[in-house]
Amino acid sequence: MESLPHIINGFSIALQPINLWYTFVGVFLGTIIGILPGIGPSATIALLIPITFGMDATPALIMMAGVFYGAKYGGSTTSILIRTPGEASSVMTSIDGYEMARKGRAGAALAVAAIGSFIAGTIGVIGLTVFALPLTAMALKFGPAEYFMLMLFAMTAVASLSGKSPAKGMLSTILGLMLATIGIDLQSGQPRYTMGIPEFQDGVGFIVVIVGLFALAEVFRGMEGLFQGTAPEQIRISGKLWLTREEWRRAVAPIWRGSLIGFVIGVLPGAGGTIASIMSYTTEKRLSKNPDEFGKGAIEGVAGPESANNSDTAGAMVPLLTLGIPGGGATAVMLGAFIMYGIQPGPLLFQNRPDLVWGLIDSMYIGNVMLLILNLPLIGLFVRLLYIPSGILYPLIVAISVIGIYAGNGSMLDLYVLLFFGVVGYVFDKVDIPVAPLVLSLVLGGMMEQSFRQAMTISGGSTAIFVGSGITVTLLVMSVISIALPFVLPRLKALARSEDAN
Amino acid sequence: MIADRVILVFILVLAAVYFYATAQVPSLEIGDPLGPKAFPRLLGIALLVTGAMLFGEIVRGRRDKAGPAEKAAPGEHGHLPMIAAVVAFTAVYLAVFEWLGYVLATAPYLLGLTAYFHRGKWVPNILISVLFSVLSYLLFTKVLDVSLARGMLPF
Chain F
1 MESLPHIING
11 FSIALQPINL
21 WYTFVGVFLG
31 TIIGILPGIG
41 PSATIALLIP
51 ITFGMDATPA
61 LIMMAGVFYG
71 AKYGGSTTSI
81 LIRTPGEASS
91 VMTSIDGYEM
101 ARKGRAGAAL
111 AVAAIGSFIA
121 GTIGVIGLTV
131 FALPLTAMAL
141 KFGPAEYFML
151 MLFAMTAVAS
161 LSGKSPAKGM
171 LSTILGLMLA
181 TIGIDLQSGQ
191 PRYTMGIPEF
201 QDGVGFIVVI
211 VGLFALAEVF
221 RGMEGLFQGT
231 APEQIRISGK
241 LWLTREEWRR
251 AVAPIWRGSL
261 IGFVIGVLPG
271 AGGTIASIMS
281 YTTEKRLSKN
291 PDEFGKGAIE
301 GVAGPESANN
311 SDTAGAMVPL
321 LTLGIPGGGA
331 TAVMLGAFIM
341 YGIQPGPLLF
351 QNRPDLVWGL
361 IDSMYIGNVM
371 LLILNLPLIG
381 LFVRLLYIPS
391 GILYPLIVAI
401 SVIGIYAGNG
411 SMLDLYVLLF
421 FGVVGYVFDK
431 VDIPVAPLVL
441 SLVLGGMMEQ
451 SFRQAMTISG
461 GSTAIFVGSG
471 ITVTLLVMSV
481 ISIALPFVLP
491 RLKALARSED
501 AN
Chain S
503 MIADRVILVF
513 ILVLAAVYFY
523 ATAQVPSLEI
533 GDPLGPKAFP
543 RLLGIALLVT
553 GAMLFGEIVR
563 GRRDKAGPAE
573 KAAPGEHGHL
583 PMIAAVVAFT
593 AVYLAVFEWL
603 GYVLATAPYL
613 LGLTAYFHRG
623 KWVPNILISV
633 LFSVLSYLLF
643 TKVLDVSLAR
653 GMLPF
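Protein sequence lines, in the order shown, are assigned to chains F and S. Sequential numbering from 1 applies to the first sequence in the numbering used here. Sequential numbering from 503 applies to the second sequence in the numbering used here.
Okay, structure coming up:
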């Protein structure tokens, strides 16, 4: 185990009082925003970037990671008690979780969600710990062409998996890349697409775009819900916050399977927590002896998806930290945070700043323990957040977004861009254009163009370099498959069905 | 769907604008074989490909459900004027933000929104609007040392 000394050293960083404190602040914030509607981990991390500016990088990134995985814990609470997932990835939990709550087993549902999340979160971090160094060894062989193809693969996977229509996912990706080209071109020094506005020479701030797309747009959607008067009924916590022996016996296997599914899905680009939890749910339903019980309060339907959705976050940290390439919206924001601190994640970071990387990884073990405590004995306190009327909450989220963005640069233009992207996010949602691909490609766009140009310089202008190595060819094939999948899959299914019928 | 056709038109217009703007970028092409225009051109082409993909989806979608027309629920768009009003109200808030200052702009903004979305509960609405504006201002300017717009306030 060559990583062992690093792991031990990482704990000496993560256990420093300041880092423990920011781990706590991160997971605490994560739990809160997981419970509250209207603001999710992506927007929160983006808002924390300007506010934490001037802080040390290690505690700041530890805190942002805490928000990212902490939100998954909080998301399950609202799914179970009001059938309204605080986060999209908790949708599957709301099916059987809410039914359990209606049958008076809310305590058991919350307990299994918290315990499953804890086990899965910890398994996920173990996976991250184990796979980190071997993957960085591989990533060190990557040149600009390999990096370009890797980003292409991440983008095509996110584009084709994150919405109903692959064309709209692609559209979102390309809009993000185009936004990324606004500003001064780093190699030639030429300003591009600034529309004559001097402030755009530095580019469109990705923080502003993210907060607009994720927080403001969400507030507009929520206000629409208030307007239409669709307020869900809240179930009070009933029963002890623990499992009966029978429930425990039924939950163990789904937790393990969910952890595994979640981690693998998390490492792969594109899919993310929502798909991981859906896969876990269908797996459990298929394996169950009484599949009819699913949808009527089966504990397996809470344990599996909730675990999958938590180990997914640790899995998603794997490509971010080892390759420097995020596989989805929230990790793209994390990458943005790293870059704002002048830190480029990737294989070299493991060599240059092992204290930061391993301190961050080890803080996730500690954060998961904190989350277990916050979400079991203290869940009663957090549930009170649900009593905050949305009519007050949504206006406050707008004000918080305005503070966060204005605090960054003191720029009025940023605030108007914020409002613009709030409207864009709202409209995109109405016409089924996913926003995650845009965020990913906006953050990666600059790097992608640089690696494209570097590769072309190396090859003397020949595009053959993009099929010049085994790695690039493999990534190209995977990109093509991920674009083709949404077209081919329904046909294959139809074919299989017609053969079944015969 | 109508929306998809609008998106298709938007894609074509955007591609045209983007190609035009790319042509306007001055480039010297010294020591940089590709220059600042090559990657954007690729993006423009990719955008057109996306348009073709979307066109394919629209055609396929129409063929698949040639039978029953999509039902449009009546009153489905009743919320649109409300959202437009919120956006306009927010734009006004931003327009006076630096002139009035954070506290004096934010408190009435919050009060206006809560008065509509949390109707009839004047006491908590006023309390929250004022307290949030003042406390968040003090937190950021005095504790976190991040400056917010002071505007007309003397401190």
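No residue lacks a Cβ here, since even glycine has one placed at the ideal position from N, Cα and C.
Endpoints, alpha helix (DSSP H) assigned at residue i
i	result
TYR73 of chain F	57–82
GLY116 of chain F	106–139
MET654 of chain S	That residue, MET654 of chain S, is in no alpha helix (DSSP H); it is neither H nor E in DSSP.
ILE325 of chain F	Per DSSP, ILE325 of chain F belongs to no alpha helix (DSSP H) and is neither H nor E.
ALA217 of chain F	217–227
GLU146 of chain F	144–161
PHE421 of chain F	412–430
ASN375 of chain F	354–375
HIS6 of chain F	4–14
PHE263 of chain F	245–267
SER277 of chain F	272–287
Partner residues on chain S for residue i, Cβ-Cβ distance less than 7 Å
i	result
ALA167 of chain F	THR552, MET555, LEU556, GLU559
Residue i versus residue j: straight-line alpha-carbon distance, rounded
i	j	result
GLN526 of chain S	ALA157 of chain F	33 Å
LEU385 of chain F	TRP358 of chain F	34 Å
LEU485 of chain F	ALA554 of chain S	17 Å
THR23 of chain F	ALA65 of chain F	8 Å
PHE512 of chain F	ASN290 of chain F	Past the boundaries of the shown model lies residue 512 of chain F; chain F is included only from 1 to 502, so the question cannot be answered.
ALA593 of chain S	PHE619 of chain S	18 Å
LYS573 of chain S	GLY295 of chain F	The pLDDT assigned to LYS573 of chain S is 43, lower than 50, so where the model puts this residue is not dependable; a value taken from the coordinates is nonetheless given after this. Spanning the two alpha carbons is a distance of roughly 29 Å.
PRO576 of chain S	VAL427 of chain F	Note that PRO576 of chain S scores a pLDDT of 44, beneath 50, so its modelled location is shaky; the value from the coordinates is reported in the next line. Between PRO576 of chain S and VAL427 of chain F, the C-alpha separation is close to 20 Å.
ARG652 of chain S	ALA609 of chain S	14 Å
LEU658 of chain S	VAL204 of chain F	The displayed coordinates of chain S run from 503 to 657. Any statement about residue 658 of chain S would go beyond what the structure contains.
THR313 of chain F	LEU442 of chain F	21 Å
ARG564 of chain S	LEU556 of chain S	12 Å
GLU99 of chain F	MET92 of chain F	12 Å
GLU293 of chain F	LEU371 of chain F	30 Å
LYS539 of chain S	TYR520 of chain S	11 Å
LEU110 of chain F	LYS72 of chain F	13 Å
LEU349 of chain F	PHE68 of chain F	21 Å
GLY569 of chain S	TYR522 of chain S	Unreliable placement is indicated for GLY569 of chain S, whose pLDDT of 46 sits below 50; the coordinate value is still reported in the next sentence. Cα-Cα distance, rounded: 42 Å.
ILE535 of chain F	GLY70 of chain F	Beyond the ends of chain F as shown, which are 1 and 502, falls residue 535 of chain F; an answer cannot be given.
Proximity below 8 Å, CB of residue i to CB of residue j
i	j	result
LEU356 of chain F	THR44 of chain F	no
GLY328 of chain F	PRO345 of chain F	no
MET149 of chain F	THR457 of chain F	no
GLY104 of chain F	GLY367 of chain F	no
ASN309 of chain F	GLY262 of chain F	yes
ALA251 of chain F	VAL112 of chain F	yes
THR616 of chain S	ILE392 of chain F	yes
PHE11 of chain F	ASP362 of chain F	yes
ILE415 of chain F	VAL402 of chain F	Note that residue 415 of chain F is Leu in the sequence shown, not Ile. For LEU415 of chain F and VAL402 of chain F, yes; Cβs fall inside 8 Å.
LEU81 of chain F	SER479 of chain F	no
PRO198 of chain F	VAL267 of chain F	no
Contact list for residue i against chain F, beta-carbon separation under 7 Å
i	result
LEU536 of chain S	ARG453, MET456
VAL527 of chain S	GLN190, ARG192
LEU602 of chain S	Near LEU602 of chain S there are no residues of chain F at all, since even the closest Cβ is about 13 Å away, more than 7 Å.
Neighbouring residues, chain A, relative to residue i (Cβ below 8 Å)
i	result
VAL112 of chain F	Absent here is chain A; the protein component of the structure consists of chains F and S.
Residues that residue i contacts on chain S, provided the C-beta gap is smaller than 9 Å
i	result
ASP51 of chain F	The residue asked about is misnamed: residue 51 of chain F is Ile in this sequence, not Asp. The answer, in chain order, is PHE642, LEU646, VAL648.
ILE197 of chain F	Within chain S, no residue comes near ILE197 of chain F; the closest Cβ sits about 13 Å away, beyond 9 Å.
Chain S contact for residue i (CB, 8 Å cutoff)
i	result
VAL435 of chain F	no
ASP185 of chain F	yes
MET478 of chain F	no
GLU2 of chain F	no
ILE481 of chain F	no
LEU495 of chain F	no
ALA14 of chain F	no
GLY74 of chain F	no
Neighbour flag for residue i against chain F, beta carbons, 8 Å
i	result
ALA518 of chain S	no
ILE628 of chain S	no
LEU655 of chain S	no
LEU615 of chain S	yes
LEU606 of chain S	no
Contacts of residue i in chain F (Cβ-Cβ under 8 Å)
i	result
MET584 of chain S	MET223, GLU224, PHE227
VAL589 of chain S	PHE220, LEU419, GLY422, VAL423
LEU549 of chain S	LEU171, ILE174, MET178
LEU637 of chain S	Going along chain F, no residue has its Cβ under 8 Å from LEU637 of chain S, so there is no contact; the nearest lies around 11 Å.
Contact list for residue i against chain F, beta-carbon separation under 9 Å
i	result
PHE521 of chain S	Simply none; closest approach about 11 Å.
PRO610 of chain S	Result: empty, since nearest Cβ-Cβ is about 11 Å, beyond 9 Å.
Chain S residues whose Cβ lies nearer than 8 Å to that of residue i
i	result
ILE343 of chain F	Per Cβ cutoff of 8 Å: no residues; ILE343 of chain F is ~22 Å from chain S at best.
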